[in-house]
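Working notes, beginning with the structure itself.
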Amino acid sequence: MAVLELPEWAALAPALILAGTALVLFLLDSINPRSTNRALLAGTAVAGSLSSLAVAVWFTVAGVGATGIENFGAIDIMDGQFVVDQLALYFMIIIAVVTALVTLASYDYLRDHTYQAEYYSLVILAATGMSMMAASNSLVTIFIALELTSLPSYALVAILKDNRGSVEAGLKYFLLGALSSAIFVYGVSLVYGATGSLQLEAIADGLGNAGEMGGLLGLGILMLIGGIAFKTASVPFHFWAPEAYEGAPAPISAFLSSASKAAGFVLAFRVFTTAFPLEATTAVIGVDWTWAFVILAVVTMTVGNFAAATQENVKRMLAYSSIGHAGYVLIGLAALSTDAGEVVMGAAMMHLLVYGFMNTGAFLFVGLAEYWGVGRTFEDYNGLAKQAPFACAAMAVFMFSLAGIPLFGGFWSKYLLYTATIEAAADNTALLVVAAALVINSALSLYYYSRLVKALWIEDPVVDRDRLAQPTGLYAAIIAAAVITVLILPAFSPIADAASEAAAAIIA
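Under the working numbering, the first residue of the sequence shown is numbered 39, with each subsequent residue one higher.
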């Protein structure tokens, strides 16, 4: 493999491109804020996202951050404050793909919205923070990237200023987000007090010096878990998600439930594999921290799926569904105490990639329904397939893939995660419970996902509808997500191998 030679800072190009795109959007708005071309703003945001994606893929193929290549490996930037490796590039790809789909769909969704430039700028700035989070290698840079992600997200949820639900959801999200940030940064201060370091490798090296501060370190780790659990909408820090996703514009719901969730998990993967190696940390605090993730995984997937099954509102159903999927991905951290830990984490990362397409597409379909003026309950979706067969076929693909039906990407990512968990259970029998919960909850999810497919394709409409418009941007984003959800199957094995190699690199 030919390795691409880069100056250190250039390795952050996928994130820097997003930051530059946000500045260009601000510039376009400042030139003539009252008559800014809507297509130009959306096109700039999509082009910036696709450019970030192209560079991240190029770097991955060229071997940037790869292990097993002589004289080459992860690239440390700013004395190790950032690191660009296979893990960072893998998640930069997920974030860029979701951002491109969301910005493309937003062109139609926001056709009558006043704050076009602000909207696209905030989306790209949040994506910049997520990409920087993937490469952050210090608790300081992690917190800065986390806030760069969070602050635009609060504004985006509440950006429909004439919509009371949007404003209320944004306020609740902001208040709970501020609390979670305070918990996280307090945990950072406790870890620093116990180890004297903030850079992740230095924290691991300083664990032996914690001495009598094991209790302080343990409390700090617990607070970090709480902050990360909020970011990933894991139980019991999930209460903000249904409110925020329901009140936000549908493309923003897609963005937060897919890209933001991926950013939260890459943060968790890097922090707990690099800063808190299991044996050394257990020796200091006297507790195996993977048990916290075992409990979180089972409770999160169970609460998410059972709550989703009781919903009448389609958007809230998808919100609770996303909580359930967070529980599946948490298995990647729950299994780190086993010899197969890197395999399970790789499978969890693969599920996040597939989830990025199918979940984003599902929320964008809801956005299409809102564009048409369709209500929010299952009954309101009755018979839509008669007037929009292609979009409804794409939604059926998303629903069946999220449920884990064979022949779709979601089935194979769940199957890979299940088999890896069973393999890891040889070292930790508690993971048998986790694997059983994965199967049971996937079976339960088929009920509420198929319920929406039934409404679209089988039920008769409850009201007569006029001819539905065919918005180009929304349709293009939905069909693209559906096509990739299906066509990812031929490339499933090499992508899964890349995810496993990225997991193995940070665990090693």
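For each residue, glycine too, the CB sits at the ideal point set by N, CA and C.
If we ignore side chains and look at the alpha-carbon of each, how far apart do residue i and residue j end up?
| i | j | result |
| --- | --- | --- |
| Gly167 | Ala60 | 12 angstroms |
| Gln124 | Ala104 | 6 angstroms |
| Leu334 | Leu63 | 40 angstroms |
| Ser295 | Val136 | 10 angstroms |
| Thr179 | Ser159 | 22 angstroms |
| Asp146 | Pro509 | 6 angstroms |
| Thr523 | Ser439 | 8 angstroms |
| Gly411 | Gly405 | 10 angstroms |
| Tyr358 | Val352 | 10 angstroms |
| Ile290 | Ile162 | 12 angstroms |
| Leu228 | Ala77 | 48 angstroms |
| Thr415 | His276 | 22 angstroms |
| Ile545 | Glu380 | 7 angstroms |
| Thr38 | Phe222 | Absent from the model: residue 38. The displayed extent of the chain is 39 to 546, so no value can be given. |
| Glu497 | Ala423 | 10 angstroms |
| Asp502 | Gly421 | 10 angstroms |
| Leu482 | Phe446 | 18 angstroms |
| Val337 | Val273 | 7 angstroms |
| Ala100 | Val521 | 26 angstroms |
| Asn75 | Val84 | 14 angstroms |
| Pro45 | Ile533 | 27 angstroms |
| Ala300 | Pro52 | 16 angstroms |
| Gly225 | Ala267 | 13 angstroms |
| Met39 | Phe530 | A caution first: Met39 carries a pLDDT of 47, below 50, which makes its placement in the model too unreliable to give a value. |
| Met116 | Pro427 | 52 angstroms |
| Tyr409 | Ala49 | 39 angstroms |
| Trp96 | Met130 | 12 angstroms |
Whose C-beta lies closer than 8 angstroms to the C-beta of residue i among residues of the same chain, with five residues either side of it excluded?
| i | result |
| --- | --- |
| Asn175 | Asp114, Gly118, Gln119, Phe120, Val121, Gln237, Leu238, Glu239, Arg308, Thr312 |
| Ala536 | Thr98, Gln124, Tyr128 |
| Trp327 | Ile259, Ile263, Phe310, Phe314, Leu316, Thr319, Thr320 |
| Ile55 | Gly86, Ser89, Ser90, Val93 |
| Ala378 | Ala458, Glu461, Ala462, Ala464, Asp465 |
| Met437 | Ala400, Tyr487, Ser488, Leu490, Val491 |
| Leu484 | Ala441, Gly442, Ile443 |
Please determine, among the options, the residue with the shortest C-alpha to C-alpha distance to residue i.
| i | options | result |
| --- | --- | --- |
| Gly442 | Tyr486, Phe416, Ala463, Ala196 | Tyr486 |
| Ser218 | Leu194, Ile197, Ala196, Glu185 | Glu185 |
| Ile526 | Val435, Ala378, Gly256 | Val435 |
| Pro287 | Ala347, Ala193, Val229, Ser90 | Ala193 |
| Ser488 | Tyr419, Gln425, Trp450 | Tyr419 |
| Trp329 | Gly362, Ala301, Ala372, Ala292 | Ala372 |
| Ser451 | Ile221, Pro499, Val367 | Val367 |
| Leu198 | His151, Ala271, Glu497, Thr270 | His151 |
| Thr398 | Leu65, Ile133, Pro45 | Ile133 |
| Ala407 | Gly244, Ile516, Thr141 | Ile516 |
| Ala400 | Ala429, Leu422, Glu417 | Ala429 |
| Trp495 | Leu512, Met433, Ala514 | Met433 |
| Tyr513 | Ala431, Ser538, Pro528, Ser480 | Ala431 |
| Ile361 | Gln154, Ser538, Ser480 | Ser480 |
| Gly413 | Ile131, Gly342, Thr340, Ala493 | Ala493 |
| Lys269 | Leu257, Phe181, Val332 | Phe181 |
| Ile241 | Leu177, Leu257, Gly285 | Leu177 |
| Gly302 | Ala138, Met171, Pro528 | Met171 |
| Thr82 | Ala138, Pro528, Ile69 | Ala138 |
If you measure from the beta carbon of residue i to each beta carbon in chain D, is any gap under 8 angstroms?
| i | result |
| --- | --- |
| Ile290 | In the structure shown, chain D cannot be found, because there is only a single protein chain. |
Can you name, in chain order, every residue of its own chain whose Cβ lies under 7 angstroms from the Cβ of residue i, other than the five neighbours on each side?
| i | result |
| --- | --- |
| Ser191 | Ala164, Leu294, Ser298 |
| Asn109 | Only weak support is given to the placement of Asn109: the predicted model assigns it a pLDDT of 40, under 50, and the value that follows is read from those uncertain coordinates. Closer than 7 angstroms at Cβ, skipping near neighbours: no residue. |
| Val322 | Leu245, Ala248, Gly252, Leu255 |
| Met355 | Ala346, Gln349, Tyr486 |
| Val500 | Glu417, Asn420 |
| Ala143 | Pro289, Leu402, Gly405, Gly511, Leu512, Ala515 |
| His389 | Tyr366, Val367, Ser451, Lys452, Leu455 |
Suppose the cutoff is 6 angstroms on Cβ atoms and the five residues either side in sequence are ignored; what does the same chain contact list for residue i look like?
| i | result |
| --- | --- |
| Arg202 | none |
| Gln425 | Leu506 |
| Gly370 | Val382, Met383, Ala386 |
| Ala542 | Glu380 |
| Ala112 | Gly103, Val121, Asp123 |
| Val140 | Pro289, Ala292, Phe293 |
| Ala364 | Thr270, Ala271, Ser272, Thr338 |
| Gly265 | Ser218, Ile221, Phe222 |
Cβ-heavy atom distance between residue i and the ligand ATP below 7 angstroms?
| i | result |
| --- | --- |
| Gln349 | Inclusion of the ligand ATP in the displayed structure is not the case, the ligand content being empty and no account of it being possible. |
Go through the stretch 214-258 residue by residue and report every complete run of the alpha helix (DSSP H) that reaches 4 residues or more, in order.
238-244
For the stretch 461-472 against the stretch 383-393, are there 3 or more C-beta pairs whose distance is under 8 angstroms?
Taking 8 angstroms as the limit for Cβ pairs, the verdict is that the stretch 383-393 does not touch the stretch 461-472.
Count the CB pairs spanning the stretch 454-461 and the stretch 474-490 that are closer than 8 angstroms, and state whether there are at least three.
Result yes; three or more Cβ-Cβ pairs closer than 8 angstroms.
Report yes or no: do the stretch 211-229 and the stretch 273-285 share at least 3 C-beta pairs separated by less than 8 angstroms?
yes
Fully enclosed by the stretch 356-387, which alpha helix (DSSP H) runs are 4 residues long or longer?
none
Within the stretch 123-189, ranges of the alpha helix (DSSP H) (whole runs, at least 4 residues)
124-147, 154-173
Just list the alpha helix (DSSP H) runs in the stretch 301-358, keeping only unbroken ones of 4 residues or longer that don't cross its boundaries, in chain order.
316-323, 328-347
Ignoring anything shorter than 4 residues or poking outside the stretch 445-504, list the alpha helix (DSSP H) runs there in chain order.
Listed in chain order, the alpha helix (DSSP H) elements of length 4 or more contained wholly in the stretch 445-504 are 447-462, 468-495.
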